[in-house]
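Protein chains in written order, with my numbering: chain H, 18 to 463; chain R, 2 to 294.
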């Protein structure tokens with residue numbers, strides 16, 4: 018009896034302590050960002066701070082902080098309604114790299130934190146799961162990732178408040194296909210004495226996800242739509258997070274492709290490239306896409322990626338020589354100073370998203386969600402870090418997607434760093450150097 | 002025709018390589034189950050720890066990563082012994098549900114500790130033999146895979162000799178066959194539990210080293226899928242049977258790769274469980290399982 022009483026007493030004390038501690042900690046938020054400040058604009062940042070995409074998540078969160086700090090250091094965002102500037106207060110929502118985690122994070126940001134606007138969002142699968150919640154609550158959301166057109170062209174939800182600051186799968190596939198047709202196909206035909214009419218043989222190796230399937234569909238559809246002399250000789254899927262591609266690549270090799278079009282995440286592209294060249298003995302070009310343009314790729318992949326090509330929109334090592342160059346260099350330098358590392362593509366897009374939000378709120382004159390949404394729909398921001406079509410960030414009237422000037426880089430070994438480095442080879446307007454077909458390259462058929 | 006044979010030879014080879022990793026993982030899992038009758042869902046985390054220990058020693062020392070098996074295997078044996086002593090011993094015999102929840106808890110602890118120490122970024126290491134290839138029939142295969150298959154065979158022979166030719170090994174087998182009988186014969190079964198758990202973890206650690214050396218990427222969350230497949234393998238092979246784990250590992254390794262070749266990589270994981278269902282229907286005790294398992 019006495020022991021039972023002691024146990025109850027102990028448990029009660031434990032619960033009280035837990036409640037007190039949780040009460041105390043609720044005053045703080047991740048990274049100490051939710052301190053109460055008068056006249057603040059709350060921007061929710063959806064980032065994968067845990068789980069497989071946590072590297073990208075940190076990039077998103079840190080870049081958003083960098084943008085907010087820059088804006089706040091200049092006094093904040095001017096609100097015409099109150100006639101003064103308000104500071105940006107970022108609130109982090111960790112989607113845990115999962116669909117369910119994203120839904121929880123977004124619900125909390127909207128209902129508990131009562132954010133004025135949302136930015137971030139990575140992975141088509143994760144974003145598609147929480148899009149409807151944002152749409153139902155009519156919160157302006159600038160999505161920096163989720164490239165699948167299945168996300169931005171959904172008919173089952175109200176897209177009015179959703180804005181996509183990224184190229185969709187059609188855009189990146191189009192840039193890649195045009196590069197292959199303009200540059201790679203003539204180079205192969207010329208080097209091996211093939212007739213000009215010989216079509217390029219492409220094998221698509223894609224992640225079995227909305228992102229991967231979106232790219233595959235885009236390649237198939239655009240090849241027909243643009244009437245390109247490109248034949249898809251193989252399409253091989255793999256599960257998200259796969260690290261053993263040997264058999265898939267062996268299967269692809271049997272179809273004799275000229276080029277492998279790899280639709281992967283970063284953690285997949287490194288082993289895929291190594292296994293294709295080293296293990297399976299493919300002597301072909303590997304073309305990857307923009308989401309892999311990350312310092313970790315250059316650090317991890319090694320010499321096997323020499324001469325491979327990558328479609329990109331933002332690169333830590335290849336900055337297009339346009340009006341964005343100075344600001345991009347400063348962004349990378351500031352990021353490095355603050356976080357001791359490189360910002361990635363998602364970081365750059367989120368940094369821009371915070372500025373796009375600032376611009377929209379200033380144009381709206383308030384944080385009224387309808388006015389901000391209208392300002393985003395009709396507004397235009399000069400390109401910041403990434404090179405945009407016509408130098409402006411403008412959301413299209415139908416699907417609210419911004420248009421990028423995409424480029425393709427070729428990797429070459431850098432003896433100083435002993436890592437590969439990208440060099441822009443396409444389009445001609447941004448070209449740093451010419452595309453080179455390596456000596457070891459062997460075309461799919463003779 | 003020659004081309005098809007070449008391709009099939011290559012797929013068989015990748016299946017054997019994948020089978021080696023699975024065999025080491027499943028053998029350890031089966032050894033633990035055979036002696037302690039516990040279900041350890043955290044077994045994949047030992048593989049993950051093996052990759053990180055190899056990575057750390059490789060970065061710090063620059064040693065040949067194969068030599069680092071001499072580090073990852075004993076370290077994981079110690080980690081296994083500590084895990085058994087602190088986490089499983091107190092709940093042994095209190096019900097399967099407790100064992101399952103403890104092992105699930107251990108997964109999160111190991112994942113978070115590794116993420117804290119090494120960050121959760123994907124990591125990879127390069128073998129010093131990465132540019133050397135050897136002919137295998139009509140195909141050229143990197144030397145690393147022959148080494149990996151060779152090391153796996155050596156470890157399995159070593160395990161066989163340990164279990165059959167040493168008094169400790171015989172004591173482990175006796176505990177596995179009849180726990181009460183072993184106790185009556187003066188065997189300290191708790192020590193055998195600890196040792197078995199350590200050996201099981203060590204085998205998973207060796208699998209982790211081979212995983213890393215083969216150029217596959219790893220992060221703190223990579224252990225779950227191999228662990229689930231490890232369970233499928235020991236059920237297919239027969240609970241508690243080392244021979245079953247070896248045959249099951251090879252079956253799954255080959256089946257996965259042939260499925261990937263014919264139906265595509267998206268079906269790769271599914272085939273393990275399709276085989277599992279078929280085996281459970283046809284022979285519920287597994288290919289090498291006794292009636293009492």
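Every residue, glycine too, gets a C-beta built ideally from N, C-alpha and C. Keep in mind it's a predicted model, so treat the numbers as computed, not measured.
Buried or exposed: residue i, going by 16 or more other Cβ atoms within 10 Å of its Cβ?
{"i": "residue 459/H", "result": "exposed"}
{"i": "residue 21/R", "result": "buried"}
{"i": "residue 165/R", "result": "exposed"}
{"i": "residue 220/H", "result": "buried"}
{"i": "residue 98/H", "result": "exposed"}
{"i": "residue 224/R", "result": "buried"}
{"i": "residue 221/R", "result": "buried"}
{"i": "residue 271/R", "result": "exposed"}
Excluding sequence positions up to five away, which residues of its chain have a Cβ less than 6 Å from the Cβ of residue i?
{"i": "residue 226/R", "result": "none"}
{"i": "residue 280/R", "result": "237"}
{"i": "residue 169/R", "result": "none"}
{"i": "residue 15/R", "result": "258"}
{"i": "residue 262/R", "result": "12"}
{"i": "residue 177/H", "result": "none"}
{"i": "residue 333/H", "result": "312 and 359"}
From residue i to residue j, what distance separates their C-alpha atoms?
{"i": "residue 212/H", "j": "residue 342/H", "result": "40 Å"}
{"i": "residue 390/H", "j": "residue 152/H", "result": "12 Å"}
{"i": "residue 72/R", "j": "residue 55/R", "result": "8 Å"}
{"i": "residue 47/H", "j": "residue 273/R", "result": "Residue confidence is low: residue 47/H scores 39 on pLDDT, short of 50, so the model does not pin down where it sits. No coordinate-derived value is stated."}
{"i": "residue 178/R", "j": "residue 36/R", "result": "8 Å"}
{"i": "residue 45/H", "j": "residue 109/H", "result": "With a pLDDT of only 36 at residue 45/H, under the threshold of 50, the placement of this residue in the model should not be trusted; the figure read from the coordinates follows. The straight-line gap from Cα to Cα measures roughly 12 Å."}
{"i": "residue 185/R", "j": "residue 194/R", "result": "16 Å"}
{"i": "residue 79/H", "j": "residue 356/H", "result": "8 Å"}
{"i": "residue 59/H", "j": "residue 142/H", "result": "26 Å"}
{"i": "residue 277/R", "j": "residue 254/R", "result": "13 Å"}
{"i": "residue 432/H", "j": "residue 302/H", "result": "21 Å"}
{"i": "residue 86/R", "j": "residue 204/R", "result": "18 Å"}
{"i": "residue 454/H", "j": "residue 335/H", "result": "20 Å"}
{"i": "residue 246/H", "j": "residue 266/H", "result": "24 Å"}
{"i": "residue 89/R", "j": "residue 191/R", "result": "11 Å"}
{"i": "residue 187/H", "j": "residue 195/H", "result": "12 Å"}
{"i": "residue 437/H", "j": "residue 326/H", "result": "11 Å"}
{"i": "residue 63/H", "j": "residue 190/H", "result": "26 Å"}
{"i": "residue 103/H", "j": "residue 126/H", "result": "19 Å"}
{"i": "residue 34/H", "j": "residue 434/H", "result": "Residue confidence for residue 34/H is low, a pLDDT of 48 falling below 50, so the modelled location carries little weight; the figure read from the coordinates is stated next. Roughly 53 Å separates the two Cα atoms."}
{"i": "residue 214/R", "j": "residue 446/H", "result": "43 Å"}
Using the beta-carbon of each residue, which ones in chain H are nearer than 8 Å to residue i?
{"i": "residue 266/R", "result": "225, 253, 254, 255, 256, 259, 262, 264 and 265"}
{"i": "residue 46/R", "result": "What residue 46/R touches in chain H: nothing, since even the nearest Cβ is about 16 Å away."}
{"i": "residue 119/R", "result": "Those within 8 Å of residue 119/R in chain H number zero; the least Cβ separation is about 13 Å."}
Between which residues of its own chain and residue i is the CB-CB distance below 7 Å, once the five residues before and five after are set aside?
{"i": "residue 412/H", "result": "180, 393, 394, 418 and 419"}
{"i": "residue 40/H", "result": "For residue 40/H, the predicted structure reports a pLDDT of 39, less than 50, and the residue's modelled location is therefore unreliable. The matter cannot be settled from this model."}
{"i": "residue 149/H", "result": "174"}
{"i": "residue 290/H", "result": "303, 318, 321, 322 and 325"}
{"i": "residue 142/R", "result": "14, 134 and 135"}
Residues of chain H with a CB under 7 Å from the CB of residue i: which are they?
{"i": "residue 261/R", "result": "264 and 265"}
{"i": "residue 85/R", "result": "In chain order: nothing, as chain H lies at least about 28 Å away."}
{"i": "residue 122/R", "result": "72 and 313"}
{"i": "residue 8/R", "result": "267 and 271"}
So, at 8 Å on beta carbons, what are the nonlocal neighbours of residue i in its own chain, with the 5 sequence-adjacent residues on each side left out?
{"i": "residue 261/H", "result": "288 and 292"}
{"i": "residue 286/H", "result": "279, 305, 309, 314 and 318"}
{"i": "residue 53/H", "result": "Reliability of the predicted coordinates at residue 53/H is poor, the pLDDT of 37 falling under 50, and the value obtained from them is presented with this limitation in mind. Excluding positions up to five away in sequence, the list is empty."}
{"i": "residue 111/H", "result": "47, 64, 65, 66, 67, 74, 118 and 122"}
Anything in chain R within Cβ reach of residue i, meaning under 7 Å, just list it in chain order.
{"i": "residue 268/H", "result": "262"}
I want to verify the contact list: residues of chain H whose CB lies under 9 Å from the CB of residue i, in sequence order.
{"i": "residue 191/R", "result": "Simply none; closest approach about 29 Å."}
{"i": "residue 269/R", "result": "255, 256, 259, 261, 264 and 265"}
{"i": "residue 258/R", "result": "261, 263, 264 and 267"}
Mind listing the chain R neighbours of residue i? Cutoff is C-beta to C-beta under 8 Å, in chain order.
{"i": "residue 284/H", "result": "123, 218 and 220"}
Counting only Cβ pairs nearer than 9 Å, list the residues of chain R close to residue i.
{"i": "residue 68/H", "result": "121 and 222"}
Residues, ordered as in the chain, of the stretch 128 to 143 of chain R that lie near chain H by beta-carbon distance below 9 Å
Close to chain H, meaning a Cβ-Cβ distance shorter than 9 Å, are the following residues of the stretch 128 to 143 of chain R: 131, 132, 134, 140, 141, 142 and 143.
Got a sec: which bits of the stretch 287 to 301 of chain H sit with their beta carbon under 8 Å from any beta carbon on chain R, in order along the chain?
Those would be 287, 288, 291, 292, 295, 296, 297 and 298, in chain order.
Could you list the residues in the stretch 312 to 343 of chain H with a C-beta less than 7 Å from some C-beta on chain R, going in chain order?
Under the 7 Å Cβ criterion, the stretch 312 to 343 of chain H contributes 313, 317 and 319.
At a Cβ cut of 9 Å, what residues of the stretch 213 to 230 of chain R count as close to chain H, listed as they run along the chain?
So the close ones are 215, 216, 217, 218, 219, 220, 222, 223 and 226.
Selection of the stretch 12 to 35 of chain R by Cβ proximity to chain H, strictly under 7 Å
12, 15 and 19: these are the residues of the stretch 12 to 35 of chain R whose beta carbon lies less than 7 Å from some beta carbon of chain H, given in chain order.
What residues in the stretch 70 to 82 of chain H have a beta carbon less than 8 Å from any beta carbon of chain A?
Looking for chain A here will not work: the only protein chains present are H and R.
Taking only beta carbons into account, state which residues of the stretch 103 to 115 of chain H come closer than 7 Å to chain R, listed in chain order.
From the stretch 103 to 115 of chain H, no residue has a Cβ closer than 7 Å to chain R.
What are the residues in the stretch 85 to 101 of chain R lying within 8 Å of chain H by C-beta distance?
Cβ contacts with chain H: none found.
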